[in-house]
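**Q**
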């Protein structure tokens, strides 16, 4: 049995994860670690045997945890990692919610309005190169502070993060603790008005009141997954799914949203297996009807079944 370090933060064995994800599915983490602060995280990773896998987890807004749970250690940042301040750049703790980072920036006359409707954290926005309304994390992140898998601290500049469409290439096992955003100046009242309009548009077109994990599949050719007006091409994942006749299609307790067919819903007590199976069914049907093989945007992680 692996000997675990003794941190100052909370370390729980066999911690259920379903209640920590927006889809409310999945098995437990072998271990869930919630560090007290950055020094605690660094010491823990330094002492953790190098063969133990590490998975940083935000608020679970873009995640399917499979029914067998996640091997190794899931690291979830909380208090102490969720503050936002302005020091030339907008500096956000990795656990700060995107909507709160956008609001705090606007109050200071800094424009990070693209983050307002993204359902996640600043750290997750970096990991997924999250974006909306034509702006992505890659356009605004100056650098990140991270604890590497061996426990060393690092400042990683924008060009070292490996940003790509809806993804990044951070070092394996690295845990982002802080994000520095290069945010343009703007009038606070105008920024707040813009965000209010964005929220209204989102609520009108997306199933924001339902149990989803955001956009399920990436758009072919790398265009915006929410399908805003003004995109340079009309090739959207939701249109391909709709064209395949899968709007509202259900398997077990999983369903493609009737409101926006690129949102996979847990509408009736679905398991992770049912959600993933429906997603794969959608991918096959879309490939058969359009020739486009959709790529998952939602992260799927873990074992399909629990170990004996």
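In my numbering, the protein residues as written are 78 to 385.
Think of the CB as a built atom: it goes at the ideal place given N, C-alpha and C, for glycine as much as any other residue.
If you're wondering where the values come from, they're calculated on a predicted model, not measured in any experiment.
Using the DSSP secondary-structure output, state which residues sit across from residue 116 in a beta bridge.
**A** What you label residue 116 is simply residue 39 of the chain shown in a count that begins at 1. BP columns for residue 116 are empty, so no partner.
**Q** Hey, could you find the ends of the beta strand (DSSP E) residue 107 is sitting in?
**A** Walking along the chain shown from the start, residue 107 turns up at place 30. From DSSP, the beta strand (DSSP E) with residue 107 extends over 105-111.
**Q** How is the alpha helix (DSSP H) around residue 318 delimited, first residue to last?
**A** Residue numbering aside, residue 318 sits at position 241 when the chain shown is read from its first letter. Taken as a continuous stretch (DSSP letters only), the alpha helix (DSSP H) holding residue 318 covers 314-320.
**Q** Hey, is the region 146-165 in contact with the region 270-289, meaning 3+ C-beta pairs nearer than 8 angstroms?
**A** The region 146-165 vs the region 270-289: no contact.
**Q** Rounded to the nearest angstrom, how far is the Cβ of residue 251 from that of residue 268, given a contact under 8 angstroms?
**A** Residue 251 sits at position 174 when you count from the first residue of the chain shown. Residue 268 sits at position 191 when you count from the first residue of the chain shown. Their Cβ separation, rounded to whole angstroms, is 32 angstroms, which puts residue 251 and residue 268 out of contact at 8 angstroms.
**Q** Would you mind stating whether residue 137 and residue 380 have Cβ atoms separated by less than 7 angstroms?
**A** Within the chain shown, the letter at position 60 stands for residue 137. Within the chain shown, the letter at position 303 stands for residue 380. Not closer than 7 angstroms, so no.
**Q** Tell me the DSSP secondary structure of residue 305 in three-state form.
**A** As a position in the chain shown, residue 305 is number 228, starting the count at 1. Bear in mind that a pLDDT of 44 at residue 305, under 50, signals an unreliable position, so the number given afterwards is only what the model happens to contain. DSSP places residue 305 in coil when its eight states are reduced to three.
**Q** Please report the straight-line C-alpha distance between residue 299 and residue 80, rounded to a whole angstrom.
**A** Stepping through the chain shown from its first residue, residue 299 is reached at position 222. Stepping through the chain shown from its first residue, residue 80 is reached at position 3. For residue 299, the pLDDT reaches just 49, beneath the cut-off of 50, and the residue's location in the model is therefore unreliable, leaving the point undetermined.
**Q** Would residue 199 and residue 169 qualify as a contact pair, given that the criterion is a beta-carbon distance under 7 angstroms?
**A** As a working mapping, residue 199 is identified with position 122 in the chain shown. As a working mapping, residue 169 is identified with position 92 in the chain shown. Contact: yes.
**Q** Since residue 257 and residue 220 are thought to touch, with beta carbons under 8 angstroms apart, how far apart are those beta carbons, to the nearest angstrom?
**A** On the chain shown, residue 257 is found 180 positions in, with the first residue counted as 1. On the chain shown, residue 220 is found 143 positions in, with the first residue counted as 1. Yes, residue 257 and residue 220 are in contact; Cβ-Cβ is about 5 angstroms, under 8 angstroms.
**Q** Residue ranges of each alpha helix (DSSP H) run of no fewer than 4 residues wholly in the region 236-283, ordered along the chain?
**A** 265-282
**Q** Please go through the same chain and pick out, in chain order, the residues whose beta-carbon is closer than 7 angstroms to the beta-carbon of residue 366, but skip the five residues on each side of it.
**A** Position 289 of the chain shown holds residue 366. Closer than 7 angstroms at the Cβ level, and outside the excluded window around residue 366, lie 320 and 321.
**Q** Taking only three categories from DSSP, how would you classify residue 201?
**A** Taking the chain shown and counting its residues from 1, one reaches residue 201 at position 124. Residue 201 falls in the helix class under three-state DSSP.
**Q** Here's the rule I'm using: 16 or more other beta-carbon atoms within 10 Å means buried, otherwise exposed. How should residue 143 be labelled?
**A** As a position in the chain shown, residue 143 is number 66, starting the count at 1. It is buried - the Cβ of residue 143 has at least 16 other Cβ atoms within 10 Å.
**Q** Spatial neighbours of residue 351 within its chain, please: C-beta separation below 7 angstroms, excluding the five flanking residues on both sides.
**A** On the chain shown, position 274 is the one that residue 351 refers to. Closer than 7 angstroms at the Cβ level, and outside the excluded window around residue 351, lie 328, 329, 330 and 331.
**Q** Let me confirm a value: residue 361 is counted as buried when at least 16 other C-beta atoms fall within 10 Å, else exposed. Which label applies?
**A** The sequence position of residue 361 within the chain shown is 284, counting from 1. Classification for residue 361: exposed.
**Q** So for residue 358, helix, strand or coil by DSSP?
**A** Working through the chain shown from its first residue, we reach residue 358 at position 281. Helix.
**Q** Relative to the C-alpha of residue 231, which candidate in 255, 349 and 209 has its C-alpha closest?
**A** Counting from one through the chain shown, the residue named residue 231 turns up at place 154. Distances from the alpha-carbon of residue 231 to those of 255, 349 and 209 put 255 closest.
**Q** Here's the rule: buried if 16 or more other CB atoms are within 10 angstroms of the residue's CB, otherwise exposed. What is residue 349?
**A** Translated into the one-based positions of the chain shown, residue 349 becomes position 272. Buried: at least 16 other Cβ atoms inside 10 Å.
**Q** Quick one: what does DSSP say residue 384 is sitting in, helix, strand or coil?
**A** Here the question's residue 384 lines up with position 307 in the chain shown. Three-state result, residue 384: coil.
**Q** To which residues of the same chain is residue 193 closer than 6 angstroms at the C-beta, ignoring the five residues directly before and after it?
**A** Reading the chain shown from its first residue, position 116 is the one you call residue 193. Closer than 6 angstroms at the Cβ level, and outside the excluded window around residue 193, lie 176, 179, 272 and 275.
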